[in-house]
Amino acid sequence: MYPALIAAVIRATDHPVVWVKRAGNLLYVLAAGLAVLALMGPQGVSRAGWMGACMGMFAVGLVSFASFIMSDILFILLVFATLWLAQMEKGGAGRAAAVGCLCGLAYLTRAAGMALVAAVLFDGLLHRRWKPLAWAGAGMVLVTAPYLYWKAFVVQVSDPNWANALQNAGLPPGSGRWLGFAVYAVREFIRDLPTNLLSIIPSHFLYAAHKVIGSPGLWRMITLLLGAGSAAGFLLRIRRWNAVDFFFLFTMLLIAVLPGTAHPVKYYFFPVLPMAAFYFFSFMDWMAGQLKVRLKWRRTGHFVWAAAAGLFCFSLLLDFAAGTVHFLKENPRRAYGPWAPERFEAFQNEYDDAWARVSEAAAWIGANTPPDALLMSRKPAHLLVMSGRQGWRYEIPAQVGSDSIMAAVEKFAADRMVLLLEDAFPSGAHAYTYGNNREAVLNQTVRQAPEKWKLLHVTGQPETRVWTFAGP
Numbered sequence: 007m008y009p010a011l012i013a014a015v016i017r018a019t020d021h022p023v024v025w026v027k028r029a030g031n032l033l034y035v036l037a038a039g040l041a042v043l044a045l046m047g048p049q050g051v052s053r054a055g056w057m058g059a060c061m062g063m064f065a066v067g068l069v070s071f072a073s074f075i076m077s078d079i080l081f082i083l084l085v086f087a088t089l090w091l092a093q094m095e096k097g098g099a100g101r102a103a104a105v106g107c108l109c110g111l112a113y114l115t116r117a118a119g120m121a122l123v124a125a126v127l128f129d130g131l132l133h134r135r136w137k138p139l140a141w142a143g144a145g146m147v148l149v150t151a152p153y154l155y156w157k158a159f160v161v162q163v164s165d166p167n168w169a170n171a172l173q174n175a176g177l178p179p180g181s182g183r184w185l186g187f188a189v190y191a192v193r194e195f196i197r198d199l200p201t202n203l204l205s206i207i208p209s210h211f212l213y214a215a216h217k218v219i220g221s222p223g224l225w226r227m228i229t230l231l232l233g234a235g236s237a238a239g240f241l242l243r244i245r246r247w248n249a250v251d252f253f254f255l256f257t258m259l260l261i262a263v264l265p266g267t268a269h270p271v272k273y274y275f276f277p278v279l280p281m282a283a284f285y286f287f288s289f290m291d292w293m294a295g296q297l298k299v300r301l302k303w304r305r306t307g308h309f310v311w312a313a314a315a316g317l318f319c320f321s322l323l324l325d326f327a328a329g330t331v332h333f334l335k336e337n338p339r340r341a342y343g344p345w346a347p348e349r350f351e352a353f354q355n356e357y358d359d360a361w362a363r364v365s366e367a368a369a370w371i372g373a374n375t376p377p378d379a380l381l382m383s384r385k386p387a388h389l390l391v392m393s394g395r396q397g398w399r400y401e402i403p404a405q406v407g408s409d410s411i412m413a414a415v416e417k418f419a420a421d422r423m424v425l426l427l428e429d430a431f432p433s434g435a436h437a438y439t440y441g442n443n444r445e446a447v448l449n450q451t452v453r454q455a456p457e458k459w460k461l462l463h464v465t466g467q468p469e470t471r472v473w474t475f476a477g478p
């Protein structure tokens, strides 16, 4: 979906990068409004709902994505539009079909949309709403069937996300593969849940708090309490779980399973940040009520909500301060083009320095290779925009229907130039650092059979190399 949106903007405007970013800003505003509506529910105004939506949607990382050329904001908008409609009690078949269509669009925008599909279907099954469930299913099929047919029978390529997950799970093909994957999924979910729920998610709400007041240890404790409050709020709703709660649950499961090993990429959690904050404020509301009604500690109940409101305000102040600092830092970079190496270098860190050299290499590829050349890289969609060369992600040959990296290369090398971009992204301790992916690819290509590869271009430091497959 998002590439289609970008393509429409490019065709309709003279300054596509600027307008794509503006479109992202508009989508963010709409997504924030829909988050408020979805979390307040059909009953009306809920302070836990609007406070949770605001604290989640205003988190620094999520706001920054509003102007990134990435699919996340469109996906979040579709998620909350779906969850808002799914909770409506009126509308009949039309509403249910619209819910299904939005689910399908979310899946076509990001594979994580399968969590939304599962949430809507499970909600209908659990509450035995058979007719709305059937209409929602029809809407999903209507939207996704053409794409799935094209992928399965025309392109004949399996879903790379599932292929990657099964590969990480270490499960060979066989009759027991899916049972083994289910066991693996539960194990990964249980292992990663404490870190995800008690550390990674609540840390989004207290961005750089230790730099403002107190010590890192103090804020780690507050983060832990915030995460525990979110978990408690989620469990308190267990008798009233609906599509919102099932989406939170299935997304947490998906995050734990698909990347394989623990993966601290925080933007995976963006769609559930408003829900986590909503659960925290729901728990605080429940606790204040218990103190006032059961224990007759009316003043203490007020203090509980005062503490919650104080945390809410402090979180928003941190977001505002971070946004102001980012704006001041970004101003000097506005003079550079979106892919200019100087723009990346201005960030002054090794990750963006590597991107600067990727940009430089992409410009060379665009000017010095045939238009039909294929480019293997860590970020094929970005490199298509930057160099004009199509390709695939270098460590996932399943994207082009091959079982190994070299099989993918040899599949196309007979009649097209096949390029390999050796980037300079840093390596790290966990398995999904970009540099680790690069090293694994080099071990199966250039280092394994150096006589089959020819070096075409080398950039400045950090060195990024462009290789071409020279033959069998």
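Residue numbering for the sequence shown follows the numbering used here, beginning at 7 and increasing consecutively. Don't be surprised by glycine CBs; every beta carbon is placed ideally from N, CA and C. Because the structure is a prediction, the values reported are computed rather than measured.
Helix, strand or coil for S52 per DSSP? Annotated three-state conformation of S52 is coil, per DSSP.
Please determine, among R246, A188, V218, the residue with the shortest C-alpha to C-alpha distance to D129. Ranking R246, A188, V218 by Cα distance to D129 puts R246 first.
Select from A476, S433, T470 the residue whose C-alpha is nearest the C-alpha of F418. Of all alpha-carbon atoms in A476, S433, T470, the one lying nearest the alpha-carbon of F418 is that of A476.
Within the present structure, is the beta-carbon of Y8 separated from the nearest heavy atom of the ligand NAD by less than 7 Å? Among the components of this structure there are no ligands whatsoever, and the ligand NAD is therefore not found.
Going by DSSP, which residues form a beta bridge with L426? Answer is M382, W473.
Answer with buried or exposed for D198, where buried requires no fewer than 16 other C-beta atoms within 10 angstroms of its C-beta. That one is buried.
Contiguous alpha helix (DSSP H) assignments of at least 4 residues, all confined to the segment 69 to 115: Listed in chain order, the complete alpha helix (DSSP H) runs (minimum 4 residues) inside the segment 69 to 115 are 78 to 93, 98 to 115.
Can you give the Cα-Cα distance for I228 and A455, rounded to whole angstroms? C-alpha separation (whole angstroms): 53 Å.
Could you name each continuous alpha helix (DSSP H) segment of 4 residues or more that falls completely within the segment 358 to 419, going from the start of the chain to the end? Entirely contained in the segment 358 to 419, the alpha helix (DSSP H) runs reaching 4 residues are, in chain order, 386 to 393, 411 to 419.
For W459, which of helix, strand or coil comes out of DSSP? In the structure shown, W459 sits in a strand (DSSP, three-state: E or B).
Under 8 Å, with one C-beta from each stretch per pair, do the segment 386 to 393 and the segment 316 to 334 reach the 3-pair mark? Verdict: no, contact absent.
Coarse secondary structure for V452, derived from DSSP in three states: V452 falls in the coil class under three-state DSSP.
Where does the unbroken alpha helix (DSSP H) through V278 begin, and where does it stop? Element bounds for V278: n/a, residue is neither H nor E.
Who are the near neighbours of S77 in its chain, counting only those whose CB is closer than 6 Å to its CB and skipping five residues on each side? So the list reads Y8, T115, R116, once near-sequence residues are dropped.
The segment 130 to 146 / the segment 96 to 114 touching (three or more Cβ pairs under 8 Å): The segment 130 to 146, when compared against the segment 96 to 114, does touch it at the 8 Å Cβ threshold.
Report the three-state DSSP secondary structure of H269 (helix, strand or coil). Annotation note: pLDDT 45 at H269 (below 50); position unreliable, coordinate value reported separately. Looking at H269 - three-state DSSP - the assignment turns out to be coil, as it is neither helix nor strand.
Which word fits Q405, buried or exposed, when buried means at least 16 other C-beta atoms lie within 10 angstroms of its C-beta? Looking at its Cβ environment, which holds 16 or more other Cβ atoms inside 10 Å, Q405 is buried.
CA-CA distance, P277 and A315? Going by C-alpha positions, P277 is about 23 Å away from A315.
Coil, strand or helix - V310 by DSSP: Looking at V310 - three-state DSSP - the assignment turns out to be helix.
Count the other CB atoms, across all protein chains shown, that sit within 10 Å of the CB of F159; report buried if there are 16 or more and exposed otherwise. In this structure F159 is exposed. Its beta-carbon is surrounded by fewer than 16 other beta-carbon atoms within 10 angstroms.
Among A125, Y342, T451, nearest to Y400 - alpha-carbon criterion: Selected option, being the one with the closest Cα: T451.
Rounding to the nearest angstrom, what Cα-Cα distance links V299 and W311 in this structure? So the two alpha carbons sit approximately 15 Å from each other.
Note down the Cα distance separating F350 from A362, rounded to an integer number of angstroms. Taking the Cα positions, F350 is about 5 Å away from A362.
Measuring straight from C-alpha to C-alpha, what distance separates A125 and L279? When rounded, the distance between both Cα atoms is 17 Å.
Identify the residues that DSSP records as bridge partners of V447: which are they? Note: V447 sits in no beta bridge, so no partner.
Please list, in chain order, all residues of the same chain as L68 whose beta carbon is under 7 Å from its beta carbon, the five residues on each side excluded. If we look at L68 and ignore the five residues flanking it on each side, its Cβ neighbours are F276, L279.
What number of angstroms, rounded off, separates the C-alpha of T267 from the C-alpha of Y113? With a pLDDT of 41 at T267, under the threshold of 50, the predicted position of this residue should be treated as unreliable, though the coordinate-derived value follows. Each residue's alpha carbon lies about 23 Å from the other.
In whole angstroms, what is the alpha-carbon distance linking P344 and H388? A straight-line Cα-Cα distance of about 12 Å links P344 and H388.
Under DSSP, the alpha helix (DSSP H) around D421 begins and ends at which residues? Neither: D421 is in no alpha helix (DSSP H) and is coded neither H nor E.
Any C-beta of chain D sitting closer than 8 Å to the C-beta of T19? This model lacks chain D altogether, as it is built from one protein chain only.
Could you give the DSSP three-state label for V464: helix, strand or coil? V464 falls in the strand class under three-state DSSP.
Tell me the DSSP secondary structure of P344 in three-state form. Note: P344 maps to coil in three-state DSSP.
Would V66 and C107 qualify as a contact pair, given that the criterion is a beta-carbon distance under 8 Å? No, they are not a contact pair.
A92 and A249 closer than 8 Å at C-beta: Between A92 and A249, the C-beta spacing is below 8 Å.
Cutoff 7 Å; reference S433; Cβ partners in own chain excluding five residues on either side: Result list for S433: T439, G441, N442, E445, in chain order.
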